[in-house]
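Undergrad: Could you have a look at this structure, given as structure tokens, before my questions?
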Amino acid sequence: MSSRFAALKGVEDILPPDSYLRQFIEDKARSVFGSYGFGEIKTPIIEHTDLFLRSIGETSDIVSKEMYTFTDKGGRSITLRPEGTASVVRAYVEHSLAMRPSPQKFYYMGPMFRYERPQKGRQRQFYQIGVEAFGVAEARMDAEVILMLMLHLDRIGLEDLSLELNSIGCGECRPAFKEALRDFFAPKLPELCPDCQRRFETNPLRILDCKVERCIEIRKDAPLVTDYLCGNCRSHFDSLLKLLGVMGVKYTLNPHMVRGLDYYTRTTFEVTTENLGAQKAVAAGGRYDGLVEEFGGPATPAIGFAMGVERLAALLKDKAAPPITDFFVASLGEEAATQALKLASGLRAEGIRGELGYGGSLKSQLRKAGKLGARFAIIIGEDELKSGLLKWKDLKKGESGEVPLAGARKLFA
Ligand code: HAM
16 MSSRFAALKG VEDILPPDSY LRQFIEDKAR SVFGSYGFGE IKTPIIEHTD LFLRSIGETS
76 DIVSKEMYTF TDKGGRSITL RPEGTASVVR AYVEHSLAMR PSPQKFYYMG PMFRYERPQK
136 GRQRQFYQIG VEAFGVAEAR MDAEVILMLM LHLDRIGLED LSLELNSIGC GECRPAFKEA
196 LRDFFAPKLP ELCPDCQRRF ETNPLRILDC KVERCIEIRK DAPLVTDYLC GNCRSHFDSL
256 LKLLGVMGVK YTLNPHMVRG LDYYTRTTFE VTTENLGAQK AVAAGGRYDG LVEEFGGPAT
316 PAIGFAMGVE RLAALLKDKA APPITDFFVA SLGEEAATQA LKLASGLRAE GIRGELGYGG
376 SLKSQLRKAG KLGARFAIII GEDELKSGLL KWKDLKKGES GEVPLAGARK LFA
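Using the working numbering, you'd call the opening residue of the sequence shown number 16 and step up by one each time.
Below, the structure is given as structure tokens:
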């Protein structure tokens, strides 16, 4: 008995032509990020579990509910990365990148894993394209990173997006805000979900991120973080807003946005859409000025973001254009088939894209050329072999002619 396998729930195969759309999104990211001086970093997909506990935070949904964690054969606790920032910061510290000229700027693209309830725009394996910039505390770097994100989204042709901004303060202003949150939630504690009752003790900020309807209702009038910013955080945020104004970037302030990861300080942002149903964020990020130090490196301000590639792709669905096939060589008989192989190989070596016909009559091969949308069909049959002249047909213009075997390259001049 044979058994058929299917991919796991919440993970997917990405097939052509969808993979062309992914490539398009990635190519534009490489080009835009390159113009901002970001270089590619590739980090492992597996890391020590502690790395995520110490950065994303034990009270976050990601760490407490969504991580793919297992014990390897050496007895170590390993986790499939749920995001990219923690790994990049680990690499930054591990390779002493603080010794290199500042700022150090990286981008990455690859799969992330979260055990979430799959739905439209939410998978268990999903791809992120992210960036991280280390070493600059100035708000101008926040502006640069946001401008870079918006340029990429523009270059791939996305419209109708909104940029939501907030500042969630730093270690200095956080205690007063946590205190205010505890004062606010204390009388409502029995009404909060069990998770939030725990969060009340461990990290009341996380209550602001809870997805339970009841908790969302209760927190409607909760204190706003922006009312508790210290002087430095306030002026950092004001500088950023001023710069974005100068650069003509439209944004909305969202003082309720706290983000689901613990490492953030000061600026946080999300780019959202109304066109994807429940999953609104196509990209999100912020500052994490304390994380490098937390991982044992020198105090280093940093900022970054990550985009959800499936969500970008879903918004761009109709724009998945496979590359154009320049030629299709149809042939009949063994000798002609060999000549077709030679001809195609020569053209491909010059960067011209094309395919060979396999099996069937010349007519059926030419039908295939039409289906592929090939520009030129080139025919090698017995007559062509004898005369050394190949028949060609421009399938777009409807023109046709003959060309010597050695001169086929000229068709593509
Ligand atoms: P995040 O908000 O957890 O941030 O994820 C960033 C983006 O990844 C989201 O806005 C969304 O588009 C996409 N995403 C997240 N989870 C899923 C999922 N289950 N299925 C599909 N797409 C998803 C981070 O991961 C931070 N590391 C971003 C960052 C970089 N902050 C600073 N540097």
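Virtual Cβ for every residue (Gly too), placed ideally from N, Cα, C.
(1) What is the rounded straight-line gap between the Cα of GLU397 and the Cα of ILE29?
(2) Quick check on DSSP: helix, strand or coil for HIS63?
(3) Measure the CB-CB distance between GLY300 and GLY186 and report whether it falls below 8 Å.
(4) Comparing the CB of VAL151 with every heavy atom of the ligand HAM, is any distance shorter than 7 Å?
(5) Across which residues does DSSP place LYS408 in a beta bridge pair?
(6) Could you tell me the distance, in whole angstroms, from the CA atom of ASP175 to the CA atom of ASP169?
(7) In the structure shown, what three-state DSSP assignment does ALA317 receive?
(8) Go ahead and pull the three-state DSSP assignment for PHE20.
(9) Who are the Cβ neighbours of VAL108 in its own chain at under 8 Å, not counting the five residues just before and after it?
(10) Which of the three DSSP states is assigned to GLN140 in this structure?
(11) For SER376, name the three-state secondary structure that DSSP assigns.
(12) Run the CB neighbour count on ASP157, radius 10 Å, all protein chains shown included, and call it buried at 16 or more, exposed below.
(13) Rounded to whole angstroms, what is the Cα-Cα separation between TYR83 and SER102?
(14) Taking only three categories from DSSP, how would you classify SER346?
(15) Give the DSSP-derived three-state secondary structure of THR100 in the structure shown.
(16) Leaving out the 5 sequence neighbours to the left and right, which residues in its chain are closer than 7 Å to ARG129 when beta-carbon positions are compared?
(17) So, helix, strand or coil for PHE199, using DSSP?
(18) Does the beta-carbon of GLY312, which I'm using as the reference point, lie nearer than 7 Å to any heavy atom of the ligand HAM?
(19) Tell me, please, which residues DSSP counts as bridged to ILE93.
TA: Reading off the structure:
(1) Translated into the one-based positions of the sequence shown, residue 397 becomes position 382. Translated into the one-based positions of the sequence shown, residue 29 becomes position 14. When rounded, the distance between both Cα atoms is 41 Å.
(2) Looking up residue 63 in the sequence shown gives position 48. It is a strand residue.
(3) Sequence index remark: in the sequence shown, residue 300 carries index 285 (1-based). Sequence index remark: in the sequence shown, residue 186 carries index 171 (1-based). No. Outside cutoff.
(4) As a working mapping, residue 151 is identified with position 136 in the sequence shown. Not a single heavy atom of the ligand HAM lies less than 7 Å from the C-beta of VAL151.
(5) Counted from its first residue, the sequence shown places residue 408 at position 393. Beta-bridge pairing links LYS408 to ALA392, SER415.
(6) Numbered from its first residue, the sequence shown carries residue 175 at position 160. Numbered from its first residue, the sequence shown carries residue 169 at position 154. Taking the straight line joining both Cα atoms gives about 10 Å.
(7) The residue given as residue 317 occupies position 302 in the sequence shown. Assignment of ALA317 by DSSP, reduced to helix, strand and coil, places it in the strand class.
(8) Reading the sequence shown from its first residue, position 5 is the one you call residue 20. Note: PHE20 maps to coil in three-state DSSP.
(9) For the purposes of this step, residue 108 is identified with residue 93 of the sequence shown, where counting begins at 1. Excluding its 5 nearest sequence neighbours in each direction, VAL108 has C-beta neighbours in its own chain below 8 Å: VAL307, PHE310, GLY311, GLY312, listed in chain order.
(10) By one-based count along the sequence shown, residue 140 stands at place 125. Here GLN140 sits in strand by DSSP.
(11) For the purposes of this step, residue 376 is taken as the residue at position 361 of the sequence shown. Reduced to three states, the DSSP call for SER376 is coil.
(12) Residue 157 sits at position 142 when you count from the first residue of the sequence shown. The residue in question, ASP157, is buried, as its Cβ has 16 or more Cβ neighbours within 10 Å.
(13) Here the question's residue 83 lines up with position 68 in the sequence shown. Here the question's residue 102 lines up with position 87 in the sequence shown. A direct Cα-Cα distance of roughly 16 Å separates TYR83 from SER102.
(14) For the purposes of this step, residue 346 is identified with residue 331 of the sequence shown, where counting begins at 1. Correct three-state label for SER346: strand.
(15) On the sequence shown, position 85 is the one that residue 100 refers to. It is helical.
(16) In the sequence shown, the residue the question calls residue 129 occupies position 114. These residues qualify, in order along the chain: ILE77, GLU81, PRO97, ARG139.
(17) Here the question's residue 199 lines up with position 184 in the sequence shown. For PHE199, the three-state secondary structure derived from DSSP is helix.
(18) As a first step, residue 312 must be located in the sequence shown, where it is residue number 297. Taking 7 Å as the cut-off, one finds no heavy atom of the ligand HAM near enough to the beta carbon of GLY312.
(19) As a first step, residue 93 is located in the sequence shown; it is residue number 78 there, counting from the start. Assignment of beta-bridge partners to ILE93 by DSSP yields HIS63, PHE85.
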